Amino acid sequence: MEGSDHAADFIASGLALLGIEADEMEMAVMGAFHQLLWEPLQEMLAIDTSELAPERNPDLSKAP
Amino acid sequence: MSGLDLPLREQAAAIAAGDLDPAELLEATLARIEERNGALNAVVETFPERSREMLAAAPAGPLRGVPVVIKDEWPLPWRAQRFGSAEILAPTAPGESGPYRALRDAGAVIVGIGNMHELGSSSTGNQSVYGPAHNPWNTERCPGGSSSGPAAAVGGRLVAGAVGADGIGSVRFPAAYCGLTGLKPTFDRSAMEGHHQAAITETIVSGPLCVDAADCRLLGSALCEEELAAGEAAGLRIGVVRDTVSEDVAPEVGAACEAAISALREETGGEVREIELPDMDPATVAVVLISNIDAQGSVVPERLNHLNPEISPINRGVIKYRMLMPAMAVMQAKRIRTLMRHRLAALFAEVDVIAWPTVPAVAPPLEAPLVELPSGTTTADQANVRGAGIANLTGIPAISVPVGISDGLPIALQLQAAWGRDELLLDAAEALERANDRRWVESLPPLAMRPSAA
């Protein structure tokens with residue numbers, strides 16, 4: 001419940017700030033997508049990459 | 001003979017030898033599309049006069065006179081792409097796209113436009129402005145997406161080869177669901193010009209879908225505009241990851257893929273090594289973020305208040321949600337990409353290919369694309385992206401190869417290799433075909449076994 005409240009708040013306030021309108025169905029889709037994405041996204045953000053030398057404009061056709 | 005049911009390479013060879021009239025082949029192909037497409041909705045448009053003109057002007061290239069289908073993702077000189085959608089968030093116009101030029105210069109004849117999942121946004125193929133394509137193995141099942149039409153067209157033997165695109169598995173998923181071989185080339189190796197995201201994408205490539213690896217080599221060589229030379233996969237070092245991608249799969253999929261890996265090892269005189277590739281889940285999130293941001297292009301918020309209402313609610317919602325994706329997460333996604341690229345580079349010093357199931361379960365129903373896994377029931381999209389995204393995130397090539405059938409539906413193994421080693425993947429896929437006496441690549445769906453009027 002808390003998670004879905006958070007999702008609803010995040011989506012509604014984000015859309016309002018950007019002036020984007022959404023109907024009920026679109027809001028439901030966004031809520032579901034957010035629920036799927038948010039936890040793994042937080043896990044991804046928690047990975048410490050500070051030791052990693054960044055690739056500037058990487059050539060993805062070749063090894064780093 | 002019409003040559004309609006010959007493999008792509010045999011069609012090409014028979015035409016070059018003068019044993020097959022390409023005009024007859026073209027007409028037979030158009031008749032076959034007319035006859036079988038009603039059940040598949042694989043081909044959403046044909047243009048017989050344009051095809052005849054292409055044939056009349058075809059140079060003596062490696063695919064001279066061979067009919068192919070191209071996904072609704074690139075423009076042709078007489079048609080702009082629709083991307084399976086009522087609307088694309090980017091300007092489009094008819095033109096000579098890279099894949100069109102590559103096919104034309106190889107002498108191929110484009111006979112139709114392949115259906116696709118709306119906006120390329122799913123692994124299922126169950127949503128399209130044209131209506132969904134159907135799986136030739138069971139027309140109530142998903143054909144896979146987003147290159148649903150190209151796969152269903154080849155699977156149903158409407159044509160011997162088709163061109164798809166792969167941004168997160170979109171060649172490999174439908175190849176797996178339809179029992180085909182599908183190659184996702186190394187990033188930037190195959191023709192992409194003219195695609196509405198060509199200038200910005202960091203994940204999408206064009207790739208061939210064919211019955212087997214030899215045909216993929218021929219069509220892939222045309223798309224890459226260089227020969228993907230055949231070699232030997234002798235002494236192949238096969239890396240396997242004992243993680244979600246290989247463990248959280250339907251039992252029949254796991255068993256078929258394990259058997260295929262063993263057969264490949266034996267056929268090549270190679271070895272299987274257990275390897276570790278941590279952080280697959282964050283890597284999956286990373287590629288989802290990067291591909292979604294790429295897809296959004298230069299859209300401004302106000303534009304999203306005027307989306308075509310015929311776009312499905314799911315895609316309308318996702319398009320709007322993309323505007324909320326945190327910039328720091330996208331930056332972190334690119335750092336994760338670097339991390340995974342370094343890890344893969346190190347792994348590819350130890351192994352030649354990394355193998356795991358292309359998809360964790362066979363094609364789900366079109367009406368409700370859910371899959372049953374040991375971890376529980378989940379959407380096919382959520383399950384499928386885990387094993388496919390790493391190749392798009394990092395740029396490495398990957399191939400899906402049929403390795404079994406369960407309940408009348410194909411099972412597939414994915415092989416991935418280091419950057420630029422697309423040829424090795426084709427060699428390994430051919431070795432795998434030899435190892436199982438070509439049983440799976442020569443299996444036909446019921447729809448393709450019916451006597452044909454064409």
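Quick note, the sequences are listed as chains B and S, same order.
Our numbering numbers the first residue of the first sequence as 1 and each following residue consecutively.
Our numbering numbers the first residue of the second sequence as 1 and each following residue consecutively.
Glycine included, each C-beta is placed from N, C-alpha and C at the ideal position.
What you are looking at is a predicted structure, and each value in this text was computed from that prediction instead of being measured.
What is the residue span of the beta strand (DSSP E) that residue 378 of chain S lies within? Where residue 378 of chain S is concerned, the enclosing beta strand (DSSP E) stretches over 376–379.
Reducing DSSP to helix, strand and coil, say where residue 284 of chain S ends up. Three-state result, residue 284 of chain S: helix.
Assumed close pair residue 147 of chain S, residue 194 of chain S - CB separation to whole angstroms, cut-off 8 Å: The C-beta separation of residue 147 of chain S from residue 194 of chain S comes to about 17 Å, leaving the pair out of contact by the 8 Å criterion.
Within its chain, find whatever has a CB closer than 6 Å to the CB of residue 203 of chain S; leave out the 5 residues flanking it on each side and keep chain order. Its chain contains 167, 291, 392 as the residues whose beta carbon lies nearer than 6 Å to that of residue 203 of chain S, once the 5 sequence neighbours on both sides are disregarded; these appear in chain order.
Complete runs of the alpha helix (DSSP H) confined to the segment 215–296 of chain S [at least 4 residues]: DSSP runs (the alpha helix (DSSP H)) wholly in the segment 215–296 of chain S: 244–247, 251–268, 280–296.
Residue 63 of chain B at chain A interface by Cβ criterion, 8 Å: This model lacks chain A altogether; the protein chains it does include are B and S.
Check the C-beta distance from residue 150 of chain S over to residue 131 of chain S and give it rounded, since I have them as a contact under 8 Å. Wrong, their Cβ atoms sit about 16 Å apart, outside the cutoff.
Test: residue 22 of chain B CB closer than 8 Å to a CB of chain S: Yes, contact with chain S.
Simplified DSSP state of residue 1 of chain B, which is helix, strand or coil: With a pLDDT of 44 at residue 1 of chain B, under the threshold of 50, the predicted position of this residue should be treated as unreliable, and no value is reported.
Return the CA-CA distance between residue 374 of chain S and residue 386 of chain S, expressed in angstroms with no decimal places. Residue 386 of chain S has its alpha-carbon roughly 15 Å from the corresponding atom of residue 374 of chain S.
Same chain, Cβ closer than 7 Å to residue 24 of chain S, five either side skipped, listed in chain order: Answer for residue 24 of chain S: 2, listed in chain order.
Best match in S:304, S:299, S:411 for proximity to residue 441 of chain S [C-alpha to C-alpha]: Among S:304, S:299, S:411, the Cα nearest to that of residue 441 of chain S is on S:411.
Contacts around residue 252 of chain S, its chain only, beta-carbon distance under 6 Å, and the 5 residues preceding and following it disregarded: Closer than 6 Å at the Cβ level, and outside the excluded window around residue 252 of chain S, lie 406.
Excluding the 5 residues preceding and the 5 following residue 1 of chain B in the sequence, name in chain order all residues of the same chain whose CB lies nearer than 6 Å to its CB. Low confidence applies to residue 1 of chain B: its pLDDT is 44, below 50, so where it sits in the model is not reliable enough to give any reading.
Residue 254 of chain S beta carbon near the ligand GTP (any heavy atom closer than 7 Å): By its list of ligands, the structure shown contains no ligand whatsoever, and the ligand GTP lies outside what it can speak to.
Contacts that residue 321 of chain S makes with chain B (C-beta to C-beta distance below 8 Å): Those within 8 Å of residue 321 of chain S in chain B are 11, 29, 30, 33, 34.
Among S:310, S:108, S:236, which one has its Cα closest to the Cα of residue 161 of chain S? Nearest C-alpha to residue 161 of chain S: S:108.
Assigned exposure category for residue 284 of chain S - 16 Cβ within 10 Å defines buried: Note on residue 284 of chain S: 16 or more other CB atoms within 10 angstroms of its CB, so buried under the neighbour-count rule.
What is the rounded straight-line gap between the Cα of residue 26 of chain B and the Cα of residue 319 of chain S? Between the alpha carbons of residue 26 of chain B and residue 319 of chain S lies a gap of roughly 10 Å.
Closer than 8 Å by C-beta to residue 227 of chain S: which residues in its own chain qualify, once you throw out the five before and the five after it? Chain order, please. If we look at residue 227 of chain S and ignore the five residues flanking it on each side, its Cβ neighbours are 221.
Give the C-beta separation of residue 185 of chain S and residue 422 of chain S to the nearest angstrom, bearing in mind that I take them to be a contact with Cβ-Cβ under 8 Å. Sure, about 5 Å apart at Cβ, within 8 Å.
Determine whether the beta carbon atoms of residue 215 of chain S and residue 22 of chain S lie at a separation below 8 Å. Not a contact, by the Cβ cut-off of 8 Å.
Can you name, in chain order, every residue of its own chain whose Cβ lies under 6 Å from the Cβ of residue 390 of chain S, other than the five neighbours on each side? Only 283 meet the Cβ criterion.
Any C-beta of chain B under 8 Å from that of residue 195 of chain S: Put simply, the CB of residue 195 of chain S is far from chain B, with every gap to its CB atoms at 8 Å or more.
What is the DSSP secondary structure of residue 178 of chain S, reduced to helix, strand or coil? Three-state DSSP puts residue 178 of chain S in a helix.
Please list, in chain order, the residues of the segment 260–294 of chain S that have any C-beta partner in chain B closer than 9 Å. Cβ contacts with chain B: 279, 281, 282, 283, 284, 285, 286, 288, 289.
How long is the line joining the alpha carbons of residue 117 of chain S and residue 281 of chain S, rounded to whole angstroms? Whole-angstrom Cα-Cα distance: 24 Å.
Beta bridge counterpart(s) of residue 111 of chain S as assigned by DSSP: Partner(s): none; residue 111 of chain S has no beta bridge.
Considering Cα atoms alone, identify which of S:136, S:13, S:417 is closest to residue 240 of chain S. When S:136, S:13, S:417 are compared, the shortest CA-CA separation from residue 240 of chain S is found for S:417.
Going along chain B in order, which residues have a C-beta closer than 7 Å to the C-beta of residue 187 of chain S? Chain B residues near residue 187 of chain S: 60, 61.
Do residue 415 of chain S and residue 401 of chain S have their beta-carbon atoms positioned less than 8 Å apart in this structure? Cβ distance < 8 Å, so residue 401 of chain S and residue 415 of chain S count as in contact.
Within the same chain, show all residues whose beta-carbon is closer than 6 Å to that of residue 119 of chain S, passing over the 5 residues directly before and after it, in chain order. Excluding sequence neighbours, residue 119 of chain S sits near 83, 85, 315.
May I ask you to report which of helix, strand or coil DSSP gives residue 45 of chain S? Residue 45 of chain S sits in a strand when the DSSP states are folded into three classes.
Can you find a C-beta in chain B that's less than 8 Å from the C-beta of residue 244 of chain S? Between residue 244 of chain S and chain B, the shortest Cβ-Cβ separation is not below 8 Å.
Can you give me, in chain order, the residues of the segment 329–341 of chain S that have a beta carbon less than 9 Å from any beta carbon in chain B? Answer set for the segment 329–341 of chain S: 329, 332, 333, 334, 335, 336, 337, 338, 339, 341.
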